[in-house]
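Trainee: Chains as they are written, first to last, in the numbering used here: chain A, 3 to 527; chain B, 3 to 527.
Here a beta-carbon is modelled for each residue, glycine too, at the ideal position from N, C-alpha and C.
1. Whose C-beta lies closer than 8 Å to the C-beta of residue 508 of chain A among residues of the same chain, with five residues either side of it excluded?
2. Can you tell me which of B/104, B/129, B/258, B/218 puts its alpha carbon nearest to the alpha carbon of residue 461 of chain A?
3. Near residue 307 of chain A, what residues of its chain come up, given a Cβ to Cβ distance below 7 Å and the 5 sequence neighbours on each side ignored?
4. For a contact meaning CB atoms closer than 7 Å, what does residue 530 of chain B contact in chain A?
5. Interface residues of chain B around residue 458 of chain A at Cβ under 7 Å?
6. Specify whether the region 170 to 179 of chain A and the region 256 to 270 of chain A touch according to this definition: at least 3 beta carbon pairs, one from each stretch, less than 8 Å apart.
7. Do residue 225 of chain A and residue 163 of chain A count as a contact pair if the criterion is CB distance below 8 Å?
8. Can you list, in chain order, the stretches of the beta strand (DSSP E) that have 3 or more residues and sit fully within the region 3 to 50 of chain A?
9. Going along chain A in order, which residues have a C-beta closer than 8 Å to the C-beta of residue 462 of chain B?
10. With 8 Å as the threshold, decide whether the Cβ of residue 432 of chain A is near any Cβ in chain B.
11. Using a Cβ-Cβ cut-off of 7 Å (strictly less than) and excluding sequence neighbours within five positions of residue 312 of chain A, which residues of its own chain qualify?
12. Would you call the CB atoms of residue 408 of chain A and residue 303 of chain A closer than 8 Å?
13. Check the Cβ of residue 148 of chain B against every Cβ in chain A and list those closer than 7 Å, keeping chain order.
14. Pull out every residue of the region 348 to 363 of chain B whose Cβ sits closer than 8 Å to any Cβ of chain A, in chain order.
15. Kindly indicate the opening and closing residues of the beta strand (DSSP E) around residue 259 of chain B.
16. Between A/86, A/120, A/444, A/118, which has its C-alpha nearest residue 107 of chain A's C-alpha?
17. Do residue 390 of chain B and residue 294 of chain B have their C-beta atoms within less than 8 Å of each other?
18. Nearest CA to the CA of residue 421 of chain A: which residue from A/32, A/316, A/282, A/271?
19. The alpha helix (DSSP H) spanning residue 371 of chain A covers which residue range?
20. What are the uninterrupted segments assigned as alpha helix (DSSP H) that are 4 or more residues long and contained completely in the region 429 to 495 of chain B, given in chain order?
21. Report the partner residues of residue 543 of chain B according to the DSSP bridge assignment.
22. Measure the CB-CB distance between residue 482 of chain A and residue 459 of chain A and report whether it falls below 8 Å.
23. For residue 1 of chain A, count neighbouring C-beta atoms within 10 Å of its own C-beta (all shown protein chains included) and say buried if the count is 16 or more, exposed if not.
24. Should residue 57 of chain A be flagged as near chain B, meaning a C-beta pair shorter than 8 Å?
25. Can you tell which of A/333, A/135, A/347, A/368 has the C-alpha that lies nearest to the C-alpha of residue 327 of chain A?
26. From B/451, B/426, B/470, B/429, pick the residue whose C-alpha is nearest to that of residue 442 of chain B; which is it?
27. Count the other CB atoms, across all protein chains shown, that sit within 10 Å of the CB of residue 376 of chain A; report buried if there are 16 or more and exposed otherwise.
28. How should residue 401 of chain A be labelled, buried or exposed, when 16 other C-beta atoms within 10 angstroms of its C-beta is the threshold for buried?
29. By a C-beta neighbour count over all protein chains shown, 10 Å radius and 16 as the cutoff for buried, is residue 405 of chain A buried or exposed?
30. Do the CB positions of residue 211 of chain B and residue 179 of chain B come within less than 8 Å of each other?
31. Starting from residue 212 of chain B, trace the beta strand (DSSP E) in both directions and tell me its first and last residue.
32. Exposed or buried, residue 20 of chain B, counting other C-beta atoms within 10 Å across all chains shown (16 or more means buried)?
33. Give me the chain B residues within the contact set of residue 297 of chain A, using Cβ-Cβ distance strictly less than 7 Å, ordered along the chain.
34. Using alpha carbons as the reference points, say which of B/7, B/5, B/4, B/31 lies closest to residue 331 of chain B.
35. Under the DSSP definition of a beta bridge, which residues are partnered with residue 251 of chain A?
36. So with CB distances below 7 Å, who are the chain B contacts of residue 177 of chain A?
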């Protein structure tokens, strides 16, 4: 039985605790390693140790935290092959290129960008008003951040090592990682690297803690606990909604990424000009990682008619010619079956797929549905639910007016794409669809599919509810993602020698950006 | 019967609607003007008109909004004497200096700062990553913002004209103002100025709407309505908690300022050095506007002993020598009576006051309680509840260790003050009390009382729950207060001619600050 990491020690989980094993999704068979489901007493110990660590970290400044993130990235890099092998076994995601050449470099890049943001300090938006003697900056929350990792990114979104983890630490908060039960051994390897790196960097031992699994009700207690700073959750909408309700009731910030249909609008000029190319891009984006991406295009809107029929035929043949990918686990398979039942019952027409694929483990045929605009508009919320996996719904609008109404009846999503003619033929249609779509999505794309989330300062991996819980924050991109885990700290006539370094007259790094008397500057006062 | 302002028209409130009259707090008598309590149909009409206005405003850019805020400030300025007279009648706040020379200039300054932030555009944090072709900025929420004004600032926090109103508009959102029922005629005058200014500025007629009063259950429906962008509420904790729950459940952002005890720690060196001066400052701050300030110091912590007793005696004599102010209304009076009952029942000792003051209308004696540290620590939450009015509780800690524990047992508050010796005598004590206090407050002060909230870019008028609903935002200060009412809008490979002006290669104003490839700059690309 593997041990949890609490307060710097690898210790046995408390009793009574259940146990679990991960499943190899390619075979459907259990992996031998046994992991504990922690009782509430483990969570409580992690909270107490995390709260003490939060107080200690506040006095250390960003140097040791940045040092930890860099050392940790190096330790993780050293363990690359073991991580790739383990994650492949636990998730069935392809070792190459996905795990080794795509997700792993992204993970390292994220950790190093977080470390750089932490060292740079500009993220904290130090603001100085010399005339009034008031200074402010963003600072840590005063308690640990609980991070709940998703099933689909064992590296880049790992509760221990991924983007939320790095962001919460960069803001100066300890992390309590709640591993995704789909890949506990991958997470354990990260935790081993972290425990080593904490000692190297001189951070408190409880700055990073790991629980493999907890009961759902203990998750609710965790996100609403008085000692907690905030939570970050990436996962399904039903689980996210329960956590949100518990955290909201306790007044605890929670950042959620819950689901998205990522609507793609293909305007008539683009359909005519390059329909087959767009169909190919849709297939690629939709089947990437067997469709198990937060940004998978699950809803495609185009005009009914001959070009639309040709497009659907093309996507159908690409779907049918492709090899069904292995799904992450039985829940994803169940979700696809349920999604097909729901769409069929609601009146969508099955174009292809809609059933399990042959082979061991968890596999489903790439699936395409179609629906006219009218029934969509009679039940818009029912046709925007995310189905994780290679499943997409093409909605055929009667005309541009109906397409625009469809855009206006969207819920909140992470992304929205518009394909338009490369010349000027779709400008009127674009001007009609873009404004309602803009209001409903975090990231608006032109002429590209939504998968592929660059770690850029300008990225927004977020969006209006119910895609996330707040439309003003992104889960990806530095320094912006760090802002989620910060409190605004104002110092009103605080004596100069008592100010944090970021608010002293002297610029603490010489390069940190500060907003002084209404101007951004790197100068000292 | 006065008319509500919906969709640009002064119209009669729908039926069935109740009515109400404001009360002159100095006499306790009704003011003749009769105002409607709007039924849900009025709210629904305002929401529909506001949603349409939101779409229109998004296409107008900041020019007309800034123009409106400036014109409105001018119109309000023209109506100054009528506003001062009316607000004095409805609130009993002194016309001079409070209303005419303090709050009114602040109101104008806020409106003009909001207009400047809107024209300047830097608030939207335009971020450009040239290498990856990704650009983002903060933009409007896509629906109107409901603003609920408090009882205590008929100008500066008026739902129609105050800081939340100006911030929501500066971000590009229409406002539905829910007036405070304590001063409907003051609010009506503002609305008349606004209706005129909207036409001048060329904003949609429904960019500013006014309802005088609604049923509590309709308030819950309003903050959770799908067409709404967000809400802002300043008022009591019980009302704020109900609104928060409704908004949270619907996934609608809500910014609340709910209550604060504004703890003041007086370290032993400061008490010895200048106890009488600090007692005078406490009295001034505590009795300002008859104690009806969000930042009134309601909790004072110092060491037990002779100096502490002298301090209490001094505050007592100042309280007893002062004229009790007129309260804003019967609810404030009831709150003070209830606060005294609660504190007495919990074991606090009454030093002075604790009963109604003679005279017509609503008056209460300036009230001081005292309590040793031990009982405070046995029931910390019970002794931190805000009592609006001149009421403060002095907690006498046994030693510095106990004072530090008291700081660590605080809930979230807007402010926290530390008075310390002007030389070095209190540095050890400061280092002990500051870290726990820092985590629990939005604004930390040295050697001053918390009343007086400057409208500065570095101000934080916010704080951890339950002072507000989110620790990262401020309700006062530009451009920061604007950030509450914005969504993050990312443009991923959007064609250059389709980008909003703030994200085009060319800097739209020549002076707007943008974060381009990791550097803040005013240059064009």
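Mentor: Straight from the coordinates:
1. 526, 527
2. B/129
3. none
4. Only positions 3 to 527 of chain B appear in the structure, and residue 530 of chain B is not among them; the question remains open.
5. 131, 134, 136
6. By the Cβ test, the region 170 to 179 of chain A is not in contact with the region 256 to 270 of chain A, since fewer than three Cβ pairs between them sit closer than 8 Å.
7. Cβ distance not < 8 Å, so residue 163 of chain A and residue 225 of chain A don't count as in contact.
8. 6 to 8, 11 to 13
9. 138, 490, 491, 492
10. yes
11. 277
12. yes
13. Result: empty, since nearest Cβ-Cβ is about 16 Å, beyond 7 Å.
14. none
15. 256 to 259
16. Nearest C-alpha to residue 107 of chain A: A/86.
17. yes
18. A/271
19. Where residue 371 of chain A is concerned, there is no enclosing alpha helix (DSSP H), although the beta strand (DSSP E) it sits in stretches over 369 to 374.
20. 429 to 442
21. Residue 543 of chain B is absent from the structure shown; chain B starts at 3 and stops at 527.
22. yes
23. Nothing about residue 1 of chain A can be reported from this structure: the residues present for chain A run from 3 to 527 only.
24. Among the residues facing chain B, residue 57 of chain A is included, as its CB has a counterpart in that chain under 8 Å away.
25. A/368
26. B/470
27. Exposure of residue 376 of chain A is indicated by the presence of fewer than 16 other C-beta atoms within 10 angstroms of its C-beta.
28. exposed
29. With 16 or more other Cβ atoms within 10 Å, it is buried.
30. A contact, by the Cβ cut-off of 8 Å.
31. Unbroken beta strand (DSSP E) run through residue 212 of chain B: 210 to 213.
32. exposed
33. Counting only Cβ-Cβ distances below 7 Å, residue 297 of chain A has no contacts in chain B at all, with the closest Cβ about 11 Å away.
34. B/31
35. The partner list for residue 251 of chain A (beta bridge, DSSP) is empty, contrary to what the question assumes.
36. Near residue 177 of chain A there are no residues of chain B at all, since even the closest Cβ is about 17 Å away, more than 7 Å.
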